[in-house]
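One structure is given here, and the rest of the page talks about it.
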Amino acid sequence: MEVVSRAGLVDDAALPPASTVLWEAVKLAADGEFLVDVGATLRAWFGGLALAVLVAVPLGVLLGSVPFLGTAARALVELLRPIPSVALIPLAIILFAEPTRMKMSLIFYACLWPILINTLYALRDVDPVAKDSLRCFGFGTPAVLWFVSLPSAAPFIATGVRIAASVALIVVISTELYAGGVDGVGIYLSDTQAAGGRTDLLLAGAVWSGVLGLLVATGLRGLERIAFRWHSARVEGLA
8 MEVVSRAGLV DDAALPPAST VLWEAVKLAA DGEFLVDVGA TLRAWFGGLA
58 LAVLVAVPLG VLLGSVPFLG TAARALVELL RPIPSVALIP LAIILFAEPT
108 RMKMSLIFYA CLWPILINTL YALRDVDPVA KDSLRCFGFG TPAVLWFVSL
158 PSAAPFIATG VRIAASVALI VVISTELYAG GVDGVGIYLS DTQAAGGRTD
208 LLLAGAVWSG VLGLLVATGL RGLERIAFRW HSARVEGLA
């Protein structure tokens, strides 16, 4: 992009040089209004993701621990899971007048499925020998779930949360772009393009969107390695 723009092969206004975009991105880090937009996006992102975790993990544990319920709910899960959350923006606007709640509802819907599916499959893949061994010592189903199933499934549930966190960031910025609102990174991108076509500022905001996604993924991966160090050591040992 730098060479193409500097060589004059395209209009600088349409495709600014990479150095210009990066400089504008640096200046945005000190822009109070942009930081308010980032804060609004992160609040909706965290709220929707936290709500999805609080619902999806217990629901996944229930469906994964009770085969009858898991089988009965499978059709409903497979029916609702493919529906893209962005397609539900008009419905969310009608149901939730407040922009943050509207964004959180769409994030919740999008994040529910990867966390739920990972929880279900993680519980199904727990070593049956470990569960049977605990039952032989007289432990009941709740104890087996607490001491064997959940610790074994926890790393895979955390992976589902990490995937959902990235999805949530995409959904919240997309929702701000399409549905509008008062503040948010998506609102900044939309307003920047509408108020004069400053492509350099638009791309600078997009750079920060990518930076936020990278920070979220890196931070959650680091937390996984700390919290489940025993799992990483076991995987490396098997390899």
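Residue numbering for the sequence shown follows the working numbering, beginning at 8 and increasing consecutively. Where a beta carbon is used, it is the ideal one built from N, C-alpha and C, also for glycine. As the structure is a computational prediction, the values presented were derived from the model and not from experiment.
- Less than 7 Å divides the Cβ of VAL43 from the Cβ of ASP190.
- Contact annotation: the stretch 107–119 touches the stretch 49–63, with at least three C-beta pairs closer than 8 Å.
- In the structure shown, the three-state DSSP call for ARG236 is helix.
- Shown here for VAL62: same chain residues with a beta carbon closer than 7 Å to its own, the five before and five after excluded, namely LEU119 in chain order.
- Exclusion of the five residues before and after ALA137 leaves VAL155 and SER159 as the residues of its chain whose Cβ lies within less than 8 Å of its Cβ.
- Take the alpha-carbon of GLU231 and the one of ARG131: they are about 21 Å apart.
- Counting only residues of its own chain and dropping the five nearest sequence neighbours on each side, ALA150 has a CB closer than 8 Å to the CB of LEU141.
- Around the beta carbon of SER112, 16 or more other beta carbons lie within 10 angstroms, which makes this residue buried.
- In terms of Cβ geometry, THR126 and ILE164 form a close pair [threshold 7 Å].
- Proximity to VAL223 across VAL179, ALA172, GLU183 and ARG205 peaks at ALA172, based on C-alpha coordinates.
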